[in-house]
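Quick notes on the structure that follows.
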Amino acid sequence: MILRDVEVEGRPGLDVRLEGGRIAEIGPRLAARGDEIEGGGGALIPGLCDHHIHLFGLAARADSVVLDDAASAGEVAARIAAAAAARPPGAWIRALGYHETLAGELTRAELDRLAPHHRLRVQHQTGALWVLNSLALDGLPPGDDPAGLERETGRLWRGDAWLRARMDAQPPPLAPIGRQLASYGITALTDASVTTDAEAAERLAAAHRSGALPQRLTLMSGGALEAPADHAFAVGPVKVLLDDHALPDLDDFLSRIASARAWGRPVAVHCVTAAELALTLAAFGTAGARPGDRVEHGGVIGAAAVGELKGLGLTVVTQPAFIRERGDRYAAQVDPAEQPDLYRCASLLAAGVPVAASSDAPYASADPWVGIRAAIDRTSIGGRVLGAGEAVEAATALSLYLGEAADPGGAARRVAVGAAADLVLLDAPLSEALAQPAAERVRTTLVSGALAYGG
Ligand SMILES: [Zn+2]
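In my numbering, the protein residues as written are 228 to 682.
Given below as structure tokens:
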């Protein structure tokens, strides 16, 4: 395949020939051979890597009716009706993010009206309550009802595990999110879920082999994990999930680091709060850190911790989009003295701490261009600027997504002869695209030289 008339690393008017999944040749007016894609002068850049995502969570959300941003009862009804129209009668519909300001307290009778021919369950925004319609309840025979279930109203309090064990719903499909992520120019994904076991990993591997998830996959896990012989996924760091309400003691933490070392894997620690980061720095201070060890999120990093991160050689994998999507809440709820410490970026880079970017989707937008814009402007949805000094230049913001999956925060991958043909063609030269970065600028995405999006 040949990509015609593209801009490569600032040089316009080049052709790029791909062969065997790699870049074989770069130069002006290469001889015709095989398929061609007309670049129209657009930049050809390395494919983006989302260094921290939760694929099953994103697939479940993509397969659900999302009500968080619904504006009225009419909109709730319309969204559920659209989901019903897209499914055969009797199928499950999952709706998320309901709150009473939309249409008051939901009941079984109300849900029967909204979805008379489907099994409907609606989750309250707090996550503590499901409301089910009659068809959904009919499929859950009485006999072992939990205390939180009120069949009359259809309400089920804190009953997730009970419900999941009794539903015969199919796991959500991965192909829609594979397509969506490819349309953003993402060619590599690191799933950061601590719950990934051999069975979950095999489902992701199967989705990759079938092309449903065309991106290269790296999987974290809490326990042991083996890579398959065909490299359908790579094994990433051991994930350590800290809970601010019940931090593990240092010995427990150290034993998890020791397990990771025994498996030959780095460690990635979930650190949203200052307390989580303090425990993490203490643990690595005792056990020693190795290249590839990571702090996930870095939600609150005090000035003193910046030097400690640098001293230990830890990488920070941040989520710039949280500034946009949660910035207004942070401004209202986070102690003003702590606000300069939120999701640092520029100050970490200046101190020599490697930084990579990611989405943490479904907890923030999966679109990396939303993150790129937020890394540049540090602006919330409500228009508030948080940590203006942490803003980075557009080219730096993009490069946060261009490191190898195995080396987030390391050197950006390059469009060069011999490199893997994981590539994104933009609709304009890079300087123009970065002046207004957006997913709509992605025209074509290739993984190993195969089309994953566009053409
Ligand atoms: Zn996460």
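We put the CB at the ideal spot given by N, CA and C, even for glycine. All values reported here derive from a predicted model rather than from experimental measurement.
Checklist entry - Beta carbon of Ala419: closer than 7 Å to some heavy atom of ligand 1? => result Yes, since a heavy atom of ligand 1 falls inside the 7 Å radius drawn around the Cβ of Ala419.
Check: What whole-angstrom Cβ distance do Arg346 and Leu323 have, given they're in contact under 8 Å?
Finding: That belief does not hold up - the Cβ atoms of Arg346 and Leu323 are roughly 16 Å apart, past 8 Å.
Burial state of Gln397, where buried means 16 or more other Cβ atoms lie within 10 Å: exposed
- Return helix, strand or coil for Val642, following the three-state DSSP convention. coil
Original post:
Gly412 by DSSP, collapsed to three states: which one?
Top reply: If DSSP states are grouped into helix, strand and coil, Gly412 belongs with coil.
Pair within 8 Å by beta-carbon distance, Lys466 and Val522: no
ask   = Of all the CB atoms in chain C, is at least one closer than 8 Å to the CB of Glu453?
value = As a matter of chain content, chain C is missing from the structure shown, which is built from one protein chain.
### Task
Check Gln683 in the structure and name its three-state DSSP category.
There is no way to answer for residue 683, as the model of the chain reaches only from 228 to 682.
Exercise. So, is Trp384 buried or exposed, given that buried needs 16 or more other C-beta atoms within 10 angstroms?
Worked result: exposed
Please go through the same chain and pick out, in chain order, the residues whose beta-carbon is closer than 8 Å to the beta-carbon of His281, but skip the five residues on each side of it. Asp418, Ala419, Ser420, Asp587, Ala588, Pro589 and Tyr590
| What are the start and end residues of the alpha helix (DSSP H) that includes Gly267? | Where Gly267 is concerned, there is no enclosing alpha helix (DSSP H), given that its DSSP letter is neither H nor E.
Would Asp277 pass as a contact of Pro581 if the rule is Cβ separation under 8 Å?
no
- Query: What do you reckon, is the C-beta of His278 under 7 Å from a heavy atom of ligand 1?
  - Reply: No, Cβ of His278 sits at least 7 Å from all heavy atoms of ligand 1.
With which residues is Cys498 paired in a DSSP beta bridge?
His524
State yes or no: is the C-beta of Ile608 within less than 8 Å of the C-beta of Val619? Their beta carbons are not under 8 Å apart, which means Ile608 does not touch Val619 by this criterion.
Next on the checklist: Can you give me the C-alpha to C-alpha distance between Ala559 and Arg611, rounded to a whole angstrom?
Outcome noted: 11 Å
Worksheet entry | Spatial distance of Leu575 from Pro635 (CA atoms) | 14 Å
(message) Looking at the strands, I want to know which residues DSSP matches up with Asp418.
(response) As DSSP reads the structure, Asp418 sits in a beta bridge with Ile280 and Leu446.
- Item | Cβ-heavy atom distance, Asp424 to ligand 2, below 7 Å | As presented, the structure is devoid of ligand 2, carrying ligand 1 as its sole ligands.
Cβ contact check for the segment 644-652 and the segment 268-275: 3 or more pairs under 8 Å: yes
Okay, do the segment 647-663 and the segment 240-251 touch, 3+ Cβ pairs below 8 Å being the bar?
Contact annotation: the segment 647-663 touches the segment 240-251, with at least three C-beta pairs closer than 8 Å.
Q | Cα-Cα separation, Asp424 to Leu452 | A | 7 Å
At least 3 beta-carbon pairs within less than 8 Å: the segment 259-271 vs the segment 228-235: yes
ask   = Closest by CA to Gly525, which one among Ala311, Gly515 and Leu508?
value = Leu508
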